[in-house]
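In terms of this note's numbering, the sequence shown is residues 6 to 270. Quick reminder that beta carbons are idealized off the backbone N, C-alpha and C, glycines included. Every value quoted in this text rests on a predicted model; they were computed, and no experiment measured them. Note sheet for the following structure.
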Amino acid sequence: MLIIGELINTSRKAVKPAVEQRDAAFIQDLAKKQVEAGAHYVDVNCGTMVYNEVETMEWLVNTVQEAVSAPLCLDTPRAEAMEAGLAAAKNGQTMVNSITAEKERFEKVLPMVLKYKAKVIALCMGDNGIPNSAEERITIVRQLIRDLTAAGVAEDDIYLDPLITPISTGEKFGLDVLETVRFIRQEHPRVHAACGLSNISFGLPNRKILNQAFMIQTMAAGMDAYILDPLDKAMMGFVYASQALVGQDSFCMGYLNAHRKGLYE
């Protein structure tokens with residue numbers, strides 16, 4: 006199970022001013038807390054810094070790496086910012102977030118994935134936009150795996166994101182994701198499945214409950230990577246419990262360690 010800490014994102018109210026003011030101590034403390042709470046990767050996203058994203062990405066990567074040894078997940082739609090972040094990243098195998106099946110996006114991002122030997126999150130989205138069904142998602146999954154592996158990307162470095170859409174806008178959208186994840190796990194067992202969870206509950210009350218429940222369902226279906234807030238103790242508690250229940254926690258050691266650390270108090 007791979008946990009990607011999502012908190013270093015300039016769309017967050019507390020983070021944007023810290024980045025604008027180059028408050029390294031704030032950013033480094035946030036990175037440390039996420040790793041200490043169980044994040045294996047630290048996501049770095051400065052996409053709201055429209056006018057200086059390239060310079061900001063480089064600063065963030067260097068600043069975070071001074072504080073933690075965990076590898077980084079670089080989250081940007083801008084190729085120049087991605088290139089700057091990848092060039093600066095030194096901690097282990099960096100992750101690119103993200104590539105899609107869209108022709109232009111694929112052709113821009115793929116060379117960087119290959120150049121830096123990065124892991125890559127591949128969104129199940131093509132030139133026609135976000136798919137409306139599990140069938141459409143599975144078609145894009147096949148295309149992405151085919152094209153990425155043909156280019157030389159190892160299956161183990163591919164993290165397919167089925168693109169969660171809010172169940173408030175369609176009652177079958179949760180089921181579409183589960184069906185897609187089951188297909189990935191059954192047909193391509195060496196490829197990973199990854200997602201953020203919060204979109205499933207958009208527009209509804211008690212969002213944390215829905216997010217937690219969907220995490221449990223998706224893990225049972227075969228999801229093995231999440232972009233989430235590792236400082237959310239309740240969510241992390243369900244992560245460890247779910248891993249134990251689906252046989253991904255040898256002798257329940259992860260669950261027992263979480264218990265001993267007081268996560269369930």
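- Scanning F219, E270, Y231, G259 for the CA closest to the CA of K238 turns up E270.
- R147 has its alpha-carbon roughly 15 angstroms from the corresponding atom of A159.
- Distance from the Cα of E184 is smallest, within the candidate group R195, S173, I169, T174, for I169.
- By DSSP's assignment, K124 forms a beta bridge with M100.
- Between D166 and S138, the gap from beta carbon to beta carbon reaches 9 angstroms or more.
- Within its own chain, the residues whose Cβ lies closer than 6 angstroms to the Cβ of R142, once the five positions on either side in sequence are excluded, are C129, P136, P167, T185, listed in chain order.
- Considered as a whole, the stretch 11-61 harbours 46-50 as its complete beta strand (DSSP E) runs of no fewer than 3 residues, in chain order.
- The three-state reading of DSSP puts Y164 in strand, counting E and B together.
- When DSSP reads this structure, C129 sits in no beta bridge, so it has no partner.
- A75 and A44 do touch by the CB rule: their CB atoms are close to 7 angstroms apart, below 8 angstroms.
- When secondary structure is reduced to three states using DSSP, H193 falls in the coil class, being assigned neither helix nor strand.
- By the Cβ-count criterion, P235 is buried, with 16 or more other Cβ atoms from all chains shown falling within 10 Å of its own Cβ.
- A residue is called buried when at least 16 other Cβ atoms come within 10 angstroms of its Cβ; Q191 does not meet this threshold and is exposed.
- For D152, the enclosing alpha helix (DSSP H) covers residues 139-156.
- Following the DSSP letters along the chain, one finds L79 inside the beta strand (DSSP E) bounded by residues 77-80.
- For G242, same chain residues with a beta-carbon under 8 angstroms away, outside a window of 5 residues either side, are A263, L268, Y269 in chain order.
- DSSP links C200 through a beta bridge to Y231.
- Excluding five sequence positions before and after A84, the CB atoms of its chain that fall closer than 6 angstroms to its own CB belong to K113, given in chain order.
- In the DSSP assignment, G134 is bridged to G131.
- Between L7 and V49, the C-beta spacing is not below 9 angstroms.
- No Cβ-Cβ contact shorter than 9 angstroms links L79 with A106.
- Where K238 is concerned, the enclosing alpha helix (DSSP H) starts and stops at 238-250.
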